[in-house]
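Asks: Structure incoming, see below.
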């Protein structure tokens, strides 16, 4: 039995979008359009192409569900993390991006 994932979404930031699409499709059978990764027809992740002058690092960015994004962001900072992206409100929820004390990034996501 597979345990339920503690994450609700992943974003793959890549400097080679076409190469990443081909890689994941051929390696794992995932489908990809311009912005979404799907498996079995269900979206589970995003694909964010990085421009050549973008200073963000190619990486996997997990989205963890929280019931109160503002409280979770404050707690992350209290625990030694860093707020790297202020609250963003989207049609389906709100998010912040934090890093842990070691610098690993995580999205805290509150669904509407």
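Numbering (this note's numbering), first residue to last: 8 to 119.
Here a beta-carbon is modelled for each residue, glycine too, at the ideal position from N, C-alpha and C.
Everything numeric in this text was worked out from a predicted model, so none of it was measured.
Given a cut-off of 8 Å, decide if residue 114 and residue 70 are closer than it, judged by their beta-carbon atoms.
Replies: Here residue 70 is taken as the residue at index 63 of the chain shown, counted from 1. Here residue 114 is taken as the residue at index 107 of the chain shown, counted from 1. Yes, the Cβ-Cβ distance between residue 70 and residue 114 is below 8 Å.
Asks: Is residue 81 near the ligand COA, with its Cβ less than 7 Å from a heavy atom?
Replies: Because no ligand of any kind appears in the structure shown, any question about the ligand COA cannot be addressed here.
Asks: Under three-state DSSP, which class holds residue 73?
Replies: For the purposes of this step, residue 73 is identified with residue 66 of the chain shown, where counting begins at 1. Residue state, collapsed to three classes: coil.
Asks: Thinking just about the alpha-carbon of each residue, which of 100, 29, 45 and 106 is nearest to the one in residue 119?
Replies: Looking up residue 119 in the chain shown gives position 112. When only C-alpha atoms are compared, the closest one is 100.
Asks: From the DSSP output, read off the bridge partner residues of residue 100.
Replies: The residue labelled residue 100 in the question sits at position 93 within the chain shown. DSSP lists 97 and 118 as partners of residue 100.
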